[in-house]
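Read through the structure below, which is laid out as structure tokens, and then see the notes.
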Amino acid sequence: MHWKPKIVPTQLPDRRPSARTTKPNTPPDHAHHARTQPLQLSRVPPPKTAHQTRTTKPPKDQCFVTKWQRRYQAARTQLTPGQDLAPEEGFPGTPDWTGRWLYNQCAVYNDLHPRQQQLLADLGLTTEGARTARPRRIPQATSFAAGLAHARAWAQEHGNLAVPEPALHDGYRLGTWLRTQRRRASRGKLSADRIKALEAIDPHWNPAGGQRWRQASLTARTHTTGRSLATTADLDALPAGTAKWLFTQCSSYDSLHPEQQQQLADIGLTRERARALAPPPKPPQSTRPARPRLKNPPSAFTAGLPYAQAWAAQHGNLTSADYRTEHDGFPLGWWLYKQRRAAHAHVKRTGRPWPHDTHLAALAPWWNPPWRATWNHSWHQAHAHHSAGLPFPNQTTKWIRTQQRAWEQLHPHQQHQMTTIGIHGPAPLCRYNSHPANLTGQPIELINTHETTSAPETRSSQAHPDPARNQRQAPRQHTPHRRTQPAN
846 MHWKPKIVPT QLPDRRPSAR TTKPNTPPDH AHHARTQPLQ LSRVPPPKTA HQTRTTKPPK
906 DQCFVTKWQR RYQAARTQLT PGQDLAPEEG FPGTPDWTGR WLYNQCAVYN DLHPRQQQLL
966 ADLGLTTEGA RTARPRRIPQ ATSFAAGLAH ARAWAQEHGN LAVPEPALHD GYRLGTWLRT
1026 QRRRASRGKL SADRIKALEA IDPHWNPAGG QRWRQASLTA RTHTTGRSLA TTADLDALPA
1086 GTAKWLFTQC SSYDSLHPEQ QQQLADIGLT RERARALAPP PKPPQSTRPA RPRLKNPPSA
1146 FTAGLPYAQA WAAQHGNLTS ADYRTEHDGF PLGWWLYKQR RAAHAHVKRT GRPWPHDTHL
1206 AALAPWWNPP WRATWNHSWH QAHAHHSAGL PFPNQTTKWI RTQQRAWEQL HPHQQHQMTT
1266 IGIHGPAPLC RYNSHPANLT GQPIELINTH ETTSAPETRS SQAHPDPARN QRQAPRQHTP
1326 HRRTQPAN
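Take 846 as the starting number for the sequence shown in our numbering and just add one per residue.
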């Protein structure tokens, strides 16, 4: 269905000049030009379809039909037509839930929709009754009697009152009610007659070990009915969870409550049998002595200085002690790490040297170098192999190559330390080769020592290899475990 634009004349304000508003520079035909503007067309939207009308969200005052209406219908089914609600007395003739719901409606009566007020008037709750309504008060004796009736019905069906907390009985929260009674009994707020009423239903309604222990004992009773518990094999034949729980009770039998011990005896687990079935105690684990941790900085320095002096006298330095180094049972490496951190923090905070720096510098001038302490540990490993005349390990070789590539970035003292292990400059940017004569100033441990021919080589190591070298490598293409392809 097509729609046509509707012509709506635009009402323009009267802009004719007057004696008060006319300015001397205003042109005389300004008002006439404003009145001769063309008419404007306004677009009128098409009407909504039936589908759009159905999907439109209802107004906010009609949202009570979703939840409120259900509760209204539930209250209506519990009331008789023409019943006197007596709101000023707390709705005495209505069920518990209905009376509480009706009073809640009276508390917000002025905020309800007129249609809701009309529906409540159909039940007998008028405006005057809502103003004089009183809250629904249920006597405690009546509430306890109702819970006791549900507890008695549950015990007749299940044989006990080990009711899980979220359990319901005919819509009544029996688990929550029993938890409340147990809590009141533990605090001494439950009367003796009510305790006797619950004990008459189940003597163990409030177990000594708690509700979880009671439920576990009932499960064990079910699994051990008609079974003997004389040996360990008898317990192993039970389900895994029950057997583990019974072994645990045997181990802690002496610490159980007498009521718990009696329940275990009812299923055949007496004191003597529990001690015989109890697993042997675990051997005591050897505990390692705790490493001393020095927290007071002055006392820490005083305590560690004699060990630092002994280490320097034995090794000639303090840089060879890594973080895990111990000297005579004292964590010297950890202590040095703490002193370096304290010196750095002091310089950063005050800008002055650390007061204890002179004591350690007298032992080793480079005890706190400007580079990482791990560099010293790697250098000591390389120095140990170089002094013993042993080849460097692969990891040490890689570390030396890294120092050679960054030779210009090293500290002068680091460069001096490298010269003590035979490294006098940066390494050439080439790979390993089998001709030590071409590499000058390099230690023999860093160069591969493969066998070479006695003939002098006239080409560089990056040129194409000679035919004799290709002939030596040719047999390597066929390994013994591979089969050669048959000739065609």
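Virtual Cβ for every residue (Gly too), placed ideally from N, Cα, C.
Counting only the same chain and skipping the five closest in sequence on each side, list residues whose C-beta sits under 6 Å from that of residue 1075.
Indexing the sequence shown from 1 puts residue 1075 at position 230. So no residue of the chain qualifies.
DSSP on residue 1168, reduced to helix/strand/coil?
For the purposes of this step, residue 1168 is identified with residue 323 of the sequence shown, where counting begins at 1. Correct three-state label for residue 1168: coil.
Less than 8 Å between the CB atoms is what I'm expecting for residue 1163 and residue 1208, so what's the real figure, rounded?
Residue 1163 sits at position 318 when you count from the first residue of the sequence shown. Residue 1208 sits at position 363 when you count from the first residue of the sequence shown. So it is a contact: roughly 6 Å between Cβ atoms.
Mind checking residue 1336: buried by the 16 CB within 10 Å criterion, or exposed?
There is no way to answer for residue 1336, as the model of the chain reaches only from 846 to 1333.
Quick one: Cα of residue 1181 to Cα of residue 1241, how far?
In the sequence shown, counting from the first residue as 1, residue 1181 sits at position 336. In the sequence shown, counting from the first residue as 1, residue 1241 sits at position 396. Near 24 Å, if we compare the C-alpha coordinates of residue 1241 and residue 1181.
Give the straight-line distance between the Cα atoms of residue 936 and residue 928, rounded to the nearest whole angstrom.
Within the sequence shown, numbered from 1, the residue matching residue 936 stands at position 91. Within the sequence shown, numbered from 1, the residue matching residue 928 stands at position 83. In a straight line, the C-alpha of residue 936 is about 11 Å away from that of residue 928.
Whole angstroms is fine: what's the gap from residue 1305's alpha carbon to residue 1238's?
Start at 1 with the first residue of the sequence shown, and residue 1305 comes out as number 460. Start at 1 with the first residue of the sequence shown, and residue 1238 comes out as number 393. Low confidence applies to residue 1305: its pLDDT is 41, below 50, so where it sits in the model is not reliable enough to give any reading.
Name the two residues that bound the continuous alpha helix (DSSP H) containing residue 1336.
Residue 1336 lies beyond the range of the chain shown here (846 to 1333); nothing can be said about it.
Tell me which residues share the same chain as residue 1073 and place their Cβ nearer than 8 Å to its Cβ, disregarding the 5 neighbours each side in the sequence.
Working through the sequence shown from its first residue, we reach residue 1073 at position 228. Hits under 8 Å: 1079, 1113.
Taking the alpha helix (DSSP H) that residue 1218 belongs to, which residues open and close that run?
The sequence position of residue 1218 within the sequence shown is 373, counting from 1. Note, residue 1218: alpha helix (DSSP H), 1218-1233.
Do you know whose CA, among 1044, 961, 1192, lies nearest residue 911's CA?
Position 66 of the sequence shown, counting from 1, holds the residue named residue 911. Measuring from the Cα of residue 911, the nearest candidate turns out to be 961.
Could you pull the start and end residues of the alpha helix (DSSP H) that residue 1081 belongs to?
For the purposes of this step, residue 1081 is taken as the residue at position 236 of the sequence shown. Note, residue 1081: alpha helix (DSSP H), 1077-1081.
Whose C-alpha, out of 943, 944, 974, 967, is nearest the C-alpha of residue 954?
Taking the sequence shown and counting its residues from 1, the one referred to as residue 954 is at position 109. Selected option, being the one with the closest Cα: 974.
Curious, which full-length alpha helix (DSSP H) runs of at least 4 residues does the stretch 941-1027 contain?
Complete alpha helix (DSSP H) runs here, min 4: 941-952, 959-968, 972-976, 985-1003.
Between residue 997 and the rest of its own chain, which residues show a CB-CB distance below 8 Å, the 5 nearest in sequence each way excluded?
Translated into the one-based positions of the sequence shown, residue 997 becomes position 152. Excluding sequence neighbours, residue 997 sits near 1046.
Taking all protein chains shown into account, decide if residue 1256 is buried (16 or more other Cβ within 10 angstroms of its Cβ) or exposed.
Here residue 1256 is taken as the residue at index 411 of the sequence shown, counted from 1. Exposed, by the Cβ-count rule.
Out of 1024, 1128, 931, 1225, point me to the one whose CA is closest to residue 977's CA.
Counting from 1 along the sequence shown, the entry for residue 977 is found at position 132. When only C-alpha atoms are compared, the closest one is 931.
Below 7 Å CB to CB, which residues in the same chain sit around residue 1017 once its five sequence neighbours on both sides are set aside?
Taking the sequence shown and counting its residues from 1, the one referred to as residue 1017 is at position 172. The answer, listed in chain order, is 995.
I need the boundaries of the alpha helix (DSSP H) containing residue 1175, first residue and last residue.
Working through the sequence shown from its first residue, we reach residue 1175 at position 330. Unbroken run through residue 1175: none, as it is neither H nor E.
Let me know the secondary structure DSSP gives residue 1243 once reduced to three states.
Walking along the sequence shown from the start, residue 1243 turns up at place 398. Looking at residue 1243 - three-state DSSP - the assignment turns out to be helix.
Thinking C-beta only, is residue 1167 closer than 8 Å to residue 1231?
Within the sequence shown, numbered from 1, the residue matching residue 1231 stands at position 386. Within the sequence shown, numbered from 1, the residue matching residue 1167 stands at position 322. Going by C-beta atoms, residue 1231 is not nearer than 8 Å to residue 1167.
Excluding the five sequence neighbours on either side, which residues of its own chain have a C-beta within less than 6 Å of the C-beta of residue 1315, listed in chain order?
As a first step, residue 1315 is located in the sequence shown; it is residue number 470 there, counting from the start. Because the pLDDT at residue 1315 is just 48, under 50, the model does not fix this residue reliably, and the value given afterwards should be weighed accordingly. Same-chain partners within the cutoff: there are none.
Measure the alpha-carbon distance for residue 1331 versus residue 1220 and round it to whole angstroms.
Residue mapping note: residue 1331 aligns to position 486 of the sequence shown, counting from 1. Residue mapping note: residue 1220 aligns to position 375 of the sequence shown, counting from 1. Because the pLDDT of residue 1331 is 46, which lies under 50, any placement of that residue in the model is unreliable, and the question is left without a value.
Run through DSSP, which three-state label would residue 1096 get?
One-based indexing of the sequence shown puts residue 1096 at position 251. Residue state, collapsed to three classes: helix.
Nearest-angstrom Cα distance between residue 941 and residue 923?
Against the sequence shown, residue 941 aligns to sequence position 96. Against the sequence shown, residue 923 aligns to sequence position 78. Distance between the alpha carbons of residue 941 and residue 923 is about 11 Å.
Does the Cβ of residue 1196 have 16 or more other Cβ atoms within 10 Å, making it buried, or fewer, making it exposed?
If you number the sequence shown from 1, residue 1196 lands on position 351. The residue is exposed, with fewer than 16 neighbouring Cβ atoms inside 10 Å.
Within this structure, are the beta carbons of residue 950 and residue 965 separated by less than 8 Å?
Here residue 950 is taken as the residue at index 105 of the sequence shown, counted from 1. Here residue 965 is taken as the residue at index 120 of the sequence shown, counted from 1. Yes. Within cutoff.
Cα-Cα, which of 1123, 1104, 1070, 1130 is closest to residue 1090?
Numbered from 1 along the sequence shown, position 245 holds the residue referred to as residue 1090. The shortest Cα separation from residue 1090 among 1123, 1104, 1070, 1130 belongs to 1123.
Is it the case that the Cβ atoms of residue 1145 and residue 1193 are separated by a distance below 8 Å?
Position 300 of the sequence shown, counting from 1, holds the residue named residue 1145. Position 348 of the sequence shown, counting from 1, holds the residue named residue 1193. Cβ distance not < 8 Å, so residue 1145 and residue 1193 don't count as in contact.
I need the straight-line Cα distance from residue 989 to residue 1125, nearest angstrom please.
Locating residue 989 in the sequence shown gives position 144, counting from the first residue. Locating residue 1125 in the sequence shown gives position 280, counting from the first residue. Approximately 49 Å, taken between the alpha carbons.
Might you give, ordered along the chain, the residues of its own chain that have their beta carbon closer than 8 Å to the beta carbon of residue 1260, omitting 5 neighbours on each side?
Here the question's residue 1260 lines up with position 415 in the sequence shown. 1252, listed in sequence order.
Below 8 Å, can you find three or more Cβ-Cβ pairs linking the stretch 1028-1035 to the stretch 1065-1072?
Cβ pair count under 8 Å is below three, so no.
Please state the DSSP three-state secondary structure of residue 1091.
In the sequence shown, the residue the question calls residue 1091 occupies position 246. Three-state result, residue 1091: helix.
With DSSP collapsed to three states, give me the class of residue 1320.
Mapped onto the sequence shown, residue 1320 falls at position 475. Because residue 1320 sits at a pLDDT of 48, beneath the cut-off of 50, its placement in the model cannot be relied upon, and the following sentence gives the value as read from the coordinates. Residue state, collapsed to three classes: helix.
If you draw a straight line from the alpha carbon of residue 1095 to that of residue 1120, how long is it in whole angstroms?
The residue labelled residue 1095 in the question sits at position 250 within the sequence shown. The residue labelled residue 1120 in the question sits at position 275 within the sequence shown. Going from the Cα of residue 1095 to the Cα of residue 1120 covers about 6 Å.
Among residues of its own chain, excluding the 5 on either side of residue 1101, which ones have a beta-carbon nearer than 8 Å to its beta-carbon?
Stepping through the sequence shown from its first residue, residue 1101 is reached at position 256. Cβ within range, chain order: 1054, 1094, 1109.
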